[in-house]
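Numbering (this note's numbering), first residue to last: 549 to 761.
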Amino acid sequence: MPKSSLARLVALTSAAIALGLVIAVAVRFWSSGGDHTVKSLGKDVAGATLIGGPFTLTDQHGTRISDSSFRGRLMLVYFGYSYCPDICPTDLAKISIAIDLLGLSGDVVQPIFITIDPERDTVQRLAEYASLFHPRLVALTGTLDEIRQVASEYRVYFEKSGTEPNYAMNHSDIIYLMGRDGRFITHFGQGTAPEQIAQAIRKELDQAPARSS
Numbered sequence: 549m550p551k552s553s554l555a556r557l558v559a560l561t562s563a564a565i566a567l568g569l570v571i572a573v574a575v576r577f578w579s580s581g582g583d584h585t586v587k588s589l590g591k592d593v594a595g596a597t598l599i600g601g602p603f604t605l606t607d608q609h610g611t612r613i614s615d616s617s618f619r620g621r622l623m624l625v626y627f628g629y630s631y632c633p634d635i636c637p638t639d640l641a642k643i644s645i646a647i648d649l650l651g652l653s654g655d656v657v658q659p660i661f662i663t664i665d666p667e668r669d670t671v672q673r674l675a676e677y678a679s680l681f682h683p684r685l686v687a688l689t690g691t692l693d694e695i696r697q698v699a700s701e702y703r704v705y706f707e708k709s710g711t712e713p714n715y716a717m718n719h720s721d722i723i724y725l726m727g728r729d730g731r732f733i734t735h736f737g738q739g740t741a742p743e744q745i746a747q748a749i750r751k752e753l754d755q756a757p758a759r760s761s
């Protein structure tokens, strides 16, 4: 085989392998469900964070608030919408239970709910909705562009389904654990129990002194 043909074959094979690895990583991330031990999927090969980023949104009291407001605390971040019939309230309840299971240690954990339906999830609506869950839950809304931006930073998918005014929202169902510095630590899928979430947080809290020394 001529050297030029061999070189092209090697290049095509390498490209195919690289594409296969990218697809495999993506599939593994979105199908990992309750596997909250896979941390490397939140970073690139250089160790840079791929999930999370800066945002400024409006909370359920009408106050503009940014991600930097939560520095020094762990964040449990969840994207959903208040008209969600079952999955969203179930996940928010799991977050609340997990924090309560931590006892006093749970004070360092900030639960955050970001709507992907800002058209209907107004400040007043979110104030009523957030009151149904953990007393420290911060519920955030904003313009559609702001929501799209933060959803993009967290690799969250969402889209309308159905017709107005009673449409539903299809969206990713993931709980993110973010560090005191705002960086991604791990994620929890739909099958994760509150006890597992609390266990992962305890592990992170136990490691904190070693990291700061």
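For every residue, glycine included, the Cβ atom is placed at its ideal position computed from N, Cα and C.
This structure is a prediction, so every number in the text was calculated from the model and none was measured.
Where does residue i land, buried or exposed, given buried means 16+ other C-beta within 10 angstroms?
i: S644; result: buried
i: A741; result: exposed
i: D634; result: exposed
i: V586; result: A caution first: V586 carries a pLDDT of 36, below 50, which makes its placement in the model unreliable, though a value can still be read off. Result: exposed.
i: H735; result: buried
i: G628; result: buried
Using the Cα positions of residue i and residue j, report the straight-line distance between them to the nearest angstrom.
i: Q744; j: A641; result: 14 Å
i: R673; j: L685; result: 14 Å
i: T604; j: A699; result: 12 Å
i: I662; j: G690; result: 9 Å
i: T606; j: P666; result: 11 Å
i: F706; j: G601; result: 18 Å
i: Y631; j: A716; result: 8 Å
i: Q658; j: E712; result: 34 Å
i: T611; j: K751; result: 33 Å
i: I723; j: D639; result: 8 Å
i: E694; j: E701; result: 11 Å
i: S653; j: D669; result: 31 Å
i: F618; j: S720; result: 23 Å
i: A746; j: I660; result: 16 Å
i: L725; j: R731; result: 9 Å
Residue i by DSSP, collapsed to three states: which one?
i: F618; result: helix
i: V671; result: helix
i: L753; result: helix
i: I662; result: strand
Can you check which of these residues, the options, is closest to residue i by C-alpha distance?
i: A687; options: R731, I613, C632 and S653; result: I613
i: G710; options: E667, N718 and R703; result: N718
i: L624; options: A716, G737 and Q755; result: G737
i: A646; options: F681, K708 and Y715; result: F681
i: R621; options: D754, G739, D729 and L649; result: D729
i: I749; options: S616, D648 and D615; result: D648
i: L692; options: G651, I664 and M726; result: I664
Can you list the alpha helix (DSSP H) stretches of 4 or more residues lying completely in the region 597-659, in chain order? Counting whole runs of 4 or more residues, the region 597-659 contains the alpha helix (DSSP H) stretches 635-649.
Unbroken stretches of the beta strand (DSSP E), 3 residues or longer, contained in the region 666-729: 686-689, 706-709, 716-719 and 723-726
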